[in-house]
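Participant: As they're listed, the protein sequences go chains R and V. Taking this note's numbering, I'd label the letters of the first sequence as residues 86 to 631. Taking this note's numbering, I'd label the letters of the second sequence as residues -14 to 101. Note that CB positions come from ideal geometry on N, CA and C, so glycine has one too. It should be emphasised that the depicted structure is a prediction, and the values quoted were computed from it without experimental measurement. Let me give you the structure first, and then I'll get to my questions.
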Amino acid sequence: MDLITEFFAQMHASGSYLARWDVVAALLAGSIGGVLIGAIPGVGPAVAIAILLPATFSMDPIVGLTVLLGIYGSSMYGGSIPAILINTPGTAVNALTTYDGFPMTTRGEARRALSLAYSSSFFGGVFSVLCLIFLAPVLAAVAPMFGSREIFLAALLGIILVVTAHRKQTLIAGAMACFGIWLSTIGLHPATYSKRYTFDQGWLSSGVNLIVVVLGLFALSQAFILLQGEDEKVRLTRLKGSFFQGFRELARHPRVASVSASFGVLMGMIPGVGEFTAQFMSYTYAQKTSKRPEDFGHGSSEGLIASETANNAVPSAAMIPLLALGIPGEALTAMMLSVFYVHNVTPGPQLFQNDMDFVVALYLALLILNVLVVAFLLVATNQLIKVVNIPNRFLGMSILILSFVGVFSLRNSFTDCILAAAFGVFGFVLKRLSLPVVPIILGMVLGGIMEVKLRSAMARVKTPLDFIDRPIAAVLFAIIMLVLILHARRVWLDYKQQREKSRSTSRASTRFEAHLSRRNRSLISERGKTVRSRRKTYSRPSGDKS
Amino acid sequence: MLGFTALHLWHLPRRRFDRVDWQEGRIWLTVLEWVLWFLAYVWLVPLIGYMPVTLVFAPLLTLRLGYRSRKMIWLSVVIGAAIVLFFKAFLQVKIPGAALYEYLPGGIRTFFILYL
Chain R
86 MDLITEFFAQ
96 MHASGSYLAR
106 WDVVAALLAG
116 SIGGVLIGAI
126 PGVGPAVAIA
136 ILLPATFSMD
146 PIVGLTVLLG
156 IYGSSMYGGS
166 IPAILINTPG
176 TAVNALTTYD
186 GFPMTTRGEA
196 RRALSLAYSS
206 SFFGGVFSVL
216 CLIFLAPVLA
226 AVAPMFGSRE
236 IFLAALLGII
246 LVVTAHRKQT
256 LIAGAMACFG
266 IWLSTIGLHP
276 ATYSKRYTFD
286 QGWLSSGVNL
296 IVVVLGLFAL
306 SQAFILLQGE
316 DEKVRLTRLK
326 GSFFQGFREL
336 ARHPRVASVS
346 ASFGVLMGMI
356 PGVGEFTAQF
366 MSYTYAQKTS
376 KRPEDFGHGS
386 SEGLIASETA
396 NNAVPSAAMI
406 PLLALGIPGE
416 ALTAMMLSVF
426 YVHNVTPGPQ
436 LFQNDMDFVV
446 ALYLALLILN
456 VLVVAFLLVA
466 TNQLIKVVNI
476 PNRFLGMSIL
486 ILSFVGVFSL
496 RNSFTDCILA
506 AAFGVFGFVL
516 KRLSLPVVPI
526 ILGMVLGGIM
536 EVKLRSAMAR
546 VKTPLDFIDR
556 PIAAVLFAII
566 MLVLILHARR
576 VWLDYKQQRE
586 KSRSTSRAST
596 RFEAHLSRRN
606 RSLISERGKT
616 VRSRRKTYSR
626 PSGDKS
Chain V
-14 MLGFTALHLW
-4 HLPRRRFDRV
6 DWQEGRIWLT
16 VLEWVLWFLA
26 YVWLVPLIGY
36 MPVTLVFAPL
46 LTLRLGYRSR
56 KMIWLSVVIG
66 AAIVLFFKAF
76 LQVKIPGAAL
86 YEYLPGGIRT
96 FFILYL
């Protein structure tokens, strides 16, 4: 009972944060801007947040974070629009929506699909915010138990999870994460004043700024991709009628919606996992428990609910490791971390203990944001879908101009712009080769955190076992070992599967020489001999005379 | 980092350089043109001014991209102006006044340095 009374008192106190005109304006700008950005294929929330980041440094932390959170939370609503209407996901996480959304459009049920996507996204968003608001007191109790050792281990777990989440690309993801960690070490070390990897170059002594890297890898590389590509002709149909029916349909699938939202919350809380895993798990769950699993991928409403609910439940949950431990779990929250640093607010256990009003205000802002976005979409979808028609190359030009504001306003440095352009080309090459970019950013952010925490933790560590002698540290260490063991097992299974595949002849070359060489190998092998003798026994010519 | 990269390269299927690879390499090189556009823009802004350079750069790049319709050119000018006004005049981001603005008369000079 005390907990609830305390909670409502906190809500009341947080209300004062939100009752300011600049916060209200930030909420509106974030929600509407986020939907627009999401609805334009080719511009994701990462590009928008990277560009806006330096501009938010001059704002109050709550205002700046509300804008960025607004873009993060509402872009997925917008991203479902092109995913459903033209089979092109507006943001990367809406890719699964195309599986069931677009087939519904081809059946002439575009309005139903869109309204279902809005209502499931709304449910996912509100569910996760409510979970977090009620979890906040628990988090406030648990967060102080995290000392330097625990935060170091949690950051290490985050990096390991990010790397292992890139299935079939683990090695290069590991290399990228290490590259990010290396980038974070460049420059003059603040504690020891030693120069690291500066090669006596003045411009390197202040280090490589995270925002320069982020703008290069996300915004500029995306601009290059769009400028280099072709414009696509898009044909849109006008939607008639209301979008409210989705809520009624969603109410018929409460199990799928709530399980998917829970997956979203859980996966969002674990650093390094995020939307894709949450969507994959909830989609698989929905398909396995459905009465009509064969409909999945062909316009199943349950599939659409599962993917949209799961991805919208993640943003608010992703704020947990950021706010409670100061550990961002993905690229977008990593960018938001720099807003805290600029204002000398260090997210972590102290924030939960001393500034709970601020944390609850952020959650409430997220709640209001979801309502605003749905209200906007219910009214303005028909006008909004026109942004899908913006030509790609023209969009690339706009992003190039916008990227300049982001990089140049940071320190007014031409060197930063050259560095950002270099990272832009690097990001372009990585995207062309379909290699992961996110591990670089997380490596940079988590690498910096890990170094600081390891230094402060080592003061109390005498033997290696001291590192994990506290309960939470031990649990984190056990989880790290478990993740590594599971990953090793998966690699071994993949290797076995691949070996079997290479041995089977079904995919072997059909050239005549290859066929002869295979036959020759079989003739001289021991197994070949036994098989031939057995065949001889069973296919002996019959002695019957007809 | 090097170890992971080496392992990644070792795992890749081995084959000779193909015509497709050269084409891909050419695409990588074409990006350098956009990099030069970007750096030229960055270099000119502190000299001539954020607003004037953007108002010329946006339509020029639009023309280079192959858009010839009047609508697109004007749209690029409007977008360029909107970006400058939103970031420099409204959000007051730190973009210094240009060297050229120094030659403007008193009141207009301050206005240009602060807002354009």
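Let me confirm a value: SER631(R) is counted as buried when at least 16 other C-beta atoms fall within 10 Å, else exposed. Which label applies?
Facilitator: As a working note, residue 631(R) is residue 546 in the first sequence. Because the pLDDT at SER631(R) is just 46, under 50, the model does not fix this residue reliably, and the value given afterwards should be weighed accordingly. Exposed, because fewer than 16 other Cβ atoms sit within 10 Å of the Cβ of SER631(R).
Participant: So, is LEU246(R) buried or exposed, given that buried needs 16 or more other C-beta atoms within 10 angstroms?
Facilitator: Locating residue 246(R) in the first sequence gives position 161, counting from the first residue. So LEU246(R) counts as buried.
Participant: Using a Cβ cut-off of 7 Å, pull out every chain V residue sitting near GLY259(R), in sequence order please.
Facilitator: In the first sequence, the residue the question calls residue 259(R) occupies position 174. Going along chain V in sequence order, the residues near GLY259(R) (Cβ under 7 Å) are PHE(-11).
Participant: Are the CB atoms of ILE117(R) and PHE348(R) nearer to each other than 7 Å?
Facilitator: Against the first sequence, residue 117(R) aligns to sequence position 32. Against the first sequence, residue 348(R) aligns to sequence position 263. Contact: no.
Participant: Quick one, which residues of the region 466 to 479 of chain R are near chain V if we go by CB-CB under 8 Å, in chain order?
Facilitator: Listed in sequence order: PRO476, ARG478 and PHE479.
Participant: When you check each C-beta in the region 289 to 311 of chain R against every C-beta of chain V, which residues fall closer than 8 Å?
Facilitator: Listed in sequence order: LEU305, ALA308 and PHE309.
Participant: Flag TRP13(V) as yes if its beta-carbon sits less than 7 Å from any beta-carbon of chain R, otherwise no.
Facilitator: Position 28 of the second sequence, counted from the start, is the residue given in the question as residue 13(V). Yes, TRP13(V) lies at the interface with chain R (some Cβ there is under 7 Å from its Cβ).
Participant: Can you look up GLY272(R) in the DSSP assignment and give me helix, strand or coil?
Facilitator: Locating residue 272(R) in the first sequence gives position 187, where the first residue counts as 1. DSSP places GLY272(R) in strand when its eight states are reduced to three.
Participant: Verify whether the separation of the beta carbon atoms of PRO521(R) and GLN307(R) is less than 7 Å.
Facilitator: In the first sequence, counting from the first residue as 1, residue 521(R) sits at position 436. In the first sequence, counting from the first residue as 1, residue 307(R) sits at position 222. Cβ distance not < 7 Å, so PRO521(R) and GLN307(R) don't count as in contact.
Participant: Rounding to the nearest angstrom, what Cα-Cα distance links LEU485(R) and SER494(R) in this structure?
Facilitator: As a working mapping, residue 485(R) is identified with position 400 in the first sequence. As a working mapping, residue 494(R) is identified with position 409 in the first sequence. Those two C-alpha atoms are separated by around 14 Å.
Participant: State the DSSP-derived secondary structure class of SER631(R), mapped to helix, strand or coil.
Facilitator: To locate residue 631(R), count along the first sequence from 1; it is residue 546. In this prediction, SER631(R) scores a pLDDT of 46, lower than 50, which makes its location untrustworthy; the coordinate-derived value is nonetheless stated afterwards. It is coil, neither helix nor strand.
Participant: To the nearest angstrom, how far is it from the Cα of ILE609(R) to the Cα of THR394(R)?
Facilitator: Position 524 of the first sequence holds residue 609(R). Position 309 of the first sequence holds residue 394(R). Taking the straight line joining both Cα atoms gives about 59 Å.
Participant: Under 7 Å, do ALA398(R) and SER367(R) count as touching if we go by C-beta distance?
Facilitator: Within the first sequence, numbered from 1, the residue matching residue 398(R) stands at position 313. Within the first sequence, numbered from 1, the residue matching residue 367(R) stands at position 282. It is not a contact, given that the beta carbons lie outside the stated cut-off.
Participant: Could you please give the first and the last residue of the uninterrupted alpha helix (DSSP H) stretch that includes THR173(R)?
Facilitator: The sequence position of residue 173(R) within the first sequence is 88, counting from 1. THR173(R) -> no alpha helix (DSSP H), and no H or E assigned at all.
Participant: How many whole angstroms separate the CB atoms of ILE525(R) and PHE231(R), which I take to be in contact at a CB cut-off of 8 Å?
Facilitator: Numbered from 1 along the first sequence, position 440 holds the residue referred to as residue 525(R). Numbered from 1 along the first sequence, position 146 holds the residue referred to as residue 231(R). Actually they do not touch by this definition, with Cβ atoms about 26 Å apart.
Participant: In terms of DSSP beta bridges, what is LYS280(R) paired with?
Facilitator: For the purposes of this step, residue 280(R) is taken as residue 195 along the first sequence, with counting starting at 1. LEU273(R).
Participant: Is the CB of MET420(R) under 7 Å away from at least one CB in chain V?
Facilitator: Translated into positions along the first sequence, residue 420(R) becomes position 335. Not closer than 7 Å to any Cβ of chain V, the Cβ of MET420(R) fails to qualify, so no.
Participant: Are the beta-carbon atoms of SER61(V) and THR47(V) separated by less than 7 Å?
Facilitator: For this step, residue 61(V) is matched to residue 76 along the second sequence. For this step, residue 47(V) is matched to residue 62 along the second sequence. Yes, Cβ-Cβ distance for SER61(V) and THR47(V) is below 7 Å.
Participant: If we ignore side chains and look at the alpha-carbon of each, how far apart do GLY528(R) and VAL546(R) end up?
Facilitator: Walking along the first sequence from the start, residue 528(R) turns up at place 443. Walking along the first sequence from the start, residue 546(R) turns up at place 461. Approximately 25 Å, taken between the alpha carbons.
Participant: Count Cβ pairs between the region 257 to 276 of chain R and the region -1 to 8 of chain V that sit closer than 8 Å; are there 3 or more?
Facilitator: Contact between the region 257 to 276 of chain R and the region -1 to 8 of chain V is absent, because fewer than three Cβ pairs lie under 8 Å.
Participant: Short of 8 Å Cβ to Cβ, which residues in the region -9 to 10 of chain V face chain R?
Facilitator: The residues in question are LEU(-8), HIS(-7), HIS(-4) and GLU9.
Participant: Rounding to the nearest angstrom, what Cα-Cα distance links THR369(R) and SER233(R) in this structure?
Facilitator: Within the first sequence, numbered from 1, the residue matching residue 369(R) stands at position 284. Within the first sequence, numbered from 1, the residue matching residue 233(R) stands at position 148. One C-alpha to the other measures close to 38 Å.
Participant: Whole angstroms is fine: what's the gap from ILE475(R)'s alpha carbon to PHE187(R)'s?
Facilitator: Here residue 475(R) refers to the residue found at position 390 when the first sequence is read from its first residue. Here residue 187(R) refers to the residue found at position 102 when the first sequence is read from its first residue. Roughly 20 Å separates the two Cα atoms.
Participant: Inspect the beta-carbon positions of PRO400(R) and VAL530(R) and report whether they are closer than 7 Å.
Facilitator: Stepping through the first sequence from its first residue, residue 400(R) is reached at position 315. Stepping through the first sequence from its first residue, residue 530(R) is reached at position 445. In this structure, VAL530(R) does not lie closer than 7 Å to PRO400(R) by Cβ.
Participant: Mark TRP577(R) as exposed unless 16 or more other C-beta atoms lie within 10 angstroms of its C-beta, in which case mark it buried.
Facilitator: As a first step, residue 577(R) must be located in the first sequence, where it is residue number 492. Looking at its Cβ environment, which holds fewer than 16 other Cβ atoms inside 10 Å, TRP577(R) is exposed.
Participant: Three-state secondary structure (DSSP) at ARG(-1)(V)?
Facilitator: As a first step, residue -1(V) must be located in the second sequence, where it is residue number 14. Of the three classes helix, strand and coil, the one that applies to ARG(-1)(V) here is coil, per DSSP.
Participant: May I have the straight-line CA-CA distance separating GLU360(R) from SER345(R), to the nearest angstrom?
Facilitator: Within the first sequence, residue 360(R) is the residue found at index 275, counting from 1. Within the first sequence, residue 345(R) is the residue found at index 260, counting from 1. Cα-Cα distance, rounded: 11 Å.
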